[in-house]
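First comes the structure, then the notes that go with it.
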Amino acid sequence: MKKKNFIIITAVIISILVGTIVLSGATTDKNFQDNLTPLAETLYYILNYYYEIDKADINKVIDYGIDGLVKGLGDDFSYYYNKDVYEEKEIENKGEYGGLGIEVTYDADSKAIKIISPMYGTPAWRAGLKAGDLIISVDGSSVQEMSYIEAVNRMRGEPGTKVKLTILRGEEVLEFEITREIIKITPVKYGFVETQIGRIGYVRLTQFNQPSSKKLEEALNKIYEKGVVALIFDLRDNPGGYLDSAIDVASMFLDAGKLVVTVEPRVGSIERYVSKGNDFPKVPVAVLVNGGSASASEIVTGALKENNRAVVIGQKTFGKGSVQQGFPLSNGGVLFITIAHYKTPSGNDIHRVGIEPNIYVTQEATDNVAHEEEVVDYTKEITDVNLDDPYIKRAIQYFIEKR
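Residue numbers for the sequence shown follow numbering that gives the first Met the number 0, so the first one is 0 and each next one is one higher.
Laid out in structure tokens, this is it:
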């Protein structure tokens, strides 16, 4: 094909693309076409004038372009999966994979991978990684020189293999070598503490996935069968998960009809979710949270706190109160962007703000407790309650004082 014809055809294709999007009713904003024009022009000049176009991977160019658009939002929670990555994620979600056990996001300010939460009992948790840590290097390669997805994929691998991470924690640079494992986590653990006021139940929820609410209901039944005077509900380092799971969990503590959360989108109607109610005893509840408690954990924490159903003990939560929706693209990729914010029953938008506890556990008290290094069997549901844990000590103290 002659160069002139190629240029004409490219221009026609771009014009059709612009016209199709506008005519589809996706937007009535006149500025849309003006904003799209320089992007189309850039692709036009690349296709027609770039010297080594025959060596270029145009699909990769498009992927980077879409990824750049999303990163330009400055929103850590909006992201793009190209076709290959999305298919890999779908396979991963259906099976087991070798990983470290961390929930992460992209930190646009530092151009690093921020740890939202190390999942309880996983290799990352045992190694001592903490919420808020910034991953700046993976196996000696700077995260700034790779895409978010590439960095995440480099941390995954065959179980039994090792990965080296360079972590920025405040102003301190730390090195970790962690062995990957198959990540299979029991979402609920429970136990009991005998105190001077009677038996106190303890339950820890590690994530809000599909079986979480059912497993929690089973654990609470076993706890209440033993006759407890109070309950410690541990949501520390819980990165969240599904909204419907959060509603089900909150319903296990709140009377029917109590407001759990409001979802306010930019487009569409406001949705209010209320408790379904429960038949459990109304014993005093203390919710434990920290900087790794995010998303669905914050929905439940906010609902129980603002409905005066529980006292919140610990440190301010992560502050992830946004909702993402996936939009399939014609190239097989999927665009995930923030479409709404969660609001607590009192109408508070906690995105990038977090939830303040009623009772603080100082960072100093937390740092004085040595992080467990031994292997934890995180497939077991029944757990020993660590009475040296400052969060648990403070919760027990609260119940004793309340009596």
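C-beta: ideal position from N, C-alpha, C; glycine also.
Continuous alpha helix (DSSP H) stretch holding residue i: start and end
i	result
P238	Neither: P238 is in no alpha helix (DSSP H) and is coded neither H nor E.
Q32	30–48
P158	Looking at the DSSP string, P158 is not in any alpha helix (DSSP H), and its letter there is neither H nor E.
I148	147–154
L215	211–224
V280	One detail in the question is off: residue 280 reads as Pro in this sequence, not Val. First-last for P280: undefined, no H or E at that position.
G67	57–70
Q323	It is not in any alpha helix (DSSP H) - Q323 instead sits in the beta strand (DSSP E) that spans 321–327.
A249	242–250
K54	That residue, K54, is in no alpha helix (DSSP H); it is neither H nor E in DSSP.
Y80	Careful: Y80 lies outside any alpha helix (DSSP H), inside the beta strand (DSSP E) at 78–80.
Where the beta strand (DSSP E) containing residue i begins and where it ends
i	result
D106	101–106
P264	258–264
A285	284–288
V137	133–137
T194	187–194
L303	Premise fails: L303 lies in the alpha helix (DSSP H), 295–305, not in any beta strand (DSSP E).
Residue i, buried or exposed, once every other Cβ within 10 Å from all chains shown has been counted against 16
i	result
A25	In this predicted model, A25 has a pLDDT of only 49, less than 50, meaning its place in the structure is not dependable; the value taken from the coordinates is given anyway. Label assigned to A25: exposed.
V103	buried
G169	exposed
F5	At F5 the pLDDT is 47, less than 50, meaning the model places this residue with poor confidence and gives no usable figure here.
S345	exposed
P210	exposed
Q362	exposed
Y377	Low local confidence applies: a pLDDT of 49 at Y377 is under 50, so the model's placement there is unreliable, and no value is given.
V266	exposed
T36	exposed
K213	exposed
N34	exposed
Residue i vs residue j beta-carbon contact at 8 Å
i	j	result
R198	K163	no
R166	G98	For clarity, residue 166 is Ile in the given sequence; the question names Arg instead. Not in contact: I166 and G98 (Cβ atoms no closer than 8 Å).
E180	P238	no
G325	N81	no
P117	G100	yes
L204	L253	no
G291	I349	no
I298	Y341	yes
Expected contact under 8 Å - CB spacing of residue i and residue j to nearest Å
i	j	result
G240	A295	5 Å
I196	R393	Not a contact, Cβ separation roughly 15 Å.
A111	I135	5 Å
L386	V202	Between V202 and L386 the Cβ distance is about 16 Å, and since that is not below 8 Å, they are no contact.
V69	S77	5 Å
F232	V273	Actually they do not touch by this definition, with Cβ atoms about 20 Å apart.
Any chance you could list the alpha helix (DSSP H) runs of at least 4 consecutive residues sitting entirely within the stretch 330–370, in chain order? 362–366
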